[in-house]
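Letter 35 of the sequence shown, counting from 1, is numbered 35 in UniProt numbering, and no numbers are missing.
To start, the structure under review is shown below, and the notes come after it.
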Amino acid sequence: MVLCQGSRHQFADALAIARAAAHESCKYDSEAQRRTIRETASDALGGKEPYKWQVDVCEAMLLGVDCIVIAGTGAGKTMPFVMPLLVDETKQKMVLVISPLNELEQDQAKRFRDMGVTATAINRDVYTNALHKEIQDCKYCVLLMGPEMALEHPHFSKLLRSPDFAAGVAAIIIDEAHCIMEWGADFRPKFAELSRLRALVPTGVPFLAASATLPPLALADIQRKLAFHSHSTYLVNLGNDRANITPIVVQMSSANNLSALDFVVHEALNGGNLHKTVIFFNDCDTSYRAYSRLKNLLPENLKERVGHLHALRHKNYKAKTMHRFREGGIDILCATEATGMVCS
1 MVLCQGSRHQ FADALAIARA AAHESCKYDS EAQRRTIRET ASDALGGKEP
51 YKWQVDVCEA MLLGVDCIVI AGTGAGKTMP FVMPLLVDET KQKMVLVISP
101 LNELEQDQAK RFRDMGVTAT AINRDVYTNA LHKEIQDCKY CVLLMGPEMA
151 LEHPHFSKLL RSPDFAAGVA AIIIDEAHCI MEWGADFRPK FAELSRLRAL
201 VPTGVPFLAA SATLPPLALA DIQRKLAFHS HSTYLVNLGN DRANITPIVV
251 QMSSANNLSA LDFVVHEALN GGNLHKTVIF FNDCDTSYRA YSRLKNLLPE
301 NLKERVGHLH ALRHKNYKAK TMHRFREGGI DILCATEATG MVCS
């Protein structure tokens, strides 16, 4: 049995069961398949060996097994999204990645292209007749999109409903799967309807749900909403504990007591440096007020080292701000949760 840490949800070893069934029906050779997976993934990674758990997930998907991957940011959970496409029997197929943010889609598309896998992000802003034709002609192996695009877009969703097109889908990936519970109830209800995609693709096309944060309640919720069954779902739970991160609780007089954040700039106000910091807020208004406060506390030469980012900002502003943060032009970023999804 594979036990999810901190929960009572038990999963049968679906990978072992699928291997045994495939061996009985067609003399499936697991070791040979895993060797192929390792070699092709290593080539795509520039010689770096994939982790064993990544090979496990890829093998499970190739056997048609639904998967859940719980792993912290930077652990490598994105790599299995495309590993099945590197193996000969599925090389000519495509993977659909459901993502919560346009910026995350674009970032991952670039990573996949750098690995030699054709990929593109599709959303209402970029969807043209020319792009539709390219997708229809299977120019891309990875299509990254939001749930609304997959389920509602008048042209793409119609294309996905075409049996000939859907037959080319090797897997459907739900990235940042915790959004199903956190956003599916009201903010973006299409997240709660993603199981509808199962009816559009051939039987046996696996789903993979990936997240760094799936506590037991969220895990049970995505199982139900994605129609995952414990006896036939392969679970990898690497946990998300980071030894280099120490939690500290600071008491605040109220949620609006932004002066509690002043410690972030104290060292700089005393002649020291600003440190790389992301401060997350539940809403855009509070994040902006905190940004304004911290910026006003700093001397003129450091004001531009504080940034502000949330989903409602223009896409060019968001791209510029994230670039400056990554390249060192911004030290302190006041942001909503969406920013964390594009920060590795």
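Built from N, CA and C at the ideal position, the CB exists for glycine as well.
- Cα atoms of residue 330 and residue 322: separation of roughly 9 Å, rounded to the nearest angstrom.
- DSSP places residue 246 in the coil class of the three-state scheme, outside both helix and strand.
- The Cβ neighbour count for residue 58, taken over all protein chains shown within 10 Å, is at least 16; the residue is labelled buried.
- Here residue 211 is bridged, per DSSP, to 70.
- With a cutoff of 9 Å on beta-carbon distance, residue 180 and residue 201 are scored as not near each other.
- Cβ contact annotation for residue 106 (same chain, cutoff 6 Å, sequence separation greater than five): 121, in chain order.
- For residue 332, the closest C-alpha among the options 288, 99, 23, 79 is that of 288.
- The three-state secondary structure of residue 138, taken from DSSP, is coil.
- In chain order, 49, 50, 55 place their CB closer than 8 Å to the CB of residue 38, counting only its own chain and leaving out the 5 sequence neighbours on each side.
- Residue 93 places its beta carbon 9 Å or farther from that of residue 199.
- DSSP places residue 264 in no beta strand (DSSP E) but in the uninterrupted alpha helix (DSSP H) bounded by 263-269.
- Shortest Cα-Cα distance from residue 34 to any of 21, 15, 25 involves 15.
- Residue 304 is classed as exposed because its beta carbon has fewer than 16 other beta carbons within 10 Å across all chains shown.
- The region 84-93 and the region 129-136 do not touch, with fewer than three beta-carbon pairs separated by less than 8 Å.
- Secondary structure in the region 106-155: the alpha helix (DSSP H) runs of 4 residues or longer, each lying completely within the stretch, are 129-136, 147-152 in chain order.
- Judged by DSSP secondary structure, residue 23 falls within the alpha helix (DSSP H) whose first and last residues are 14-26.
- Here residue 95 is near residue 141, since their CB atoms are less than 9 Å apart.
- Assignment of beta-bridge partners to residue 95 by DSSP yields 142, 171.
- Shown here, residue 291 sits in a helix according to DSSP, grouped into three states.
- Measuring C-alpha to C-alpha distances from residue 220 to each of 177, 28, 290 identifies 177 as the nearest.
- Counted as a single uninterrupted DSSP element, the alpha helix (DSSP H) harbouring residue 222 occupies residues 216-225.
- In terms of Cβ geometry, residue 187 and residue 68 do not form a close pair [threshold 9 Å].
- Rounded to the nearest angstrom, the Cβ distance from residue 72 to residue 240 is 4 Å, consistent with a contact under 8 Å.
- In the DSSP annotation of this structure, the continuous segment of the beta strand (DSSP E) that includes residue 277 starts and ends at 277-281.
- Its Cα nearest to that of residue 21, the residue 63 stands out among 63, 43, 155.
- The DSSP-derived three-state label of residue 65 is coil.
- Judged by their CB atoms, residue 293 and residue 259 are nearer to each other than the 9 Å cut-off.
- Cβ neighbours of residue 113 within its own chain (closer than 8 Å, five residues either side excluded): 119.
- By the Cβ-count criterion, residue 103 is buried, with 16 or more other Cβ atoms from all chains shown falling within 10 Å of its own Cβ.
- Residue environment: residue 153 is assigned as buried (16 or more neighbouring CB atoms within 10 Å of its CB, all protein chains considered).
- Annotated as distal: residue 284 and residue 261, with beta-carbon spacing of 9 Å or more.
- Inter-residue distance for residue 296 and residue 252 is about 21 Å (C-alpha atoms, whole angstroms).
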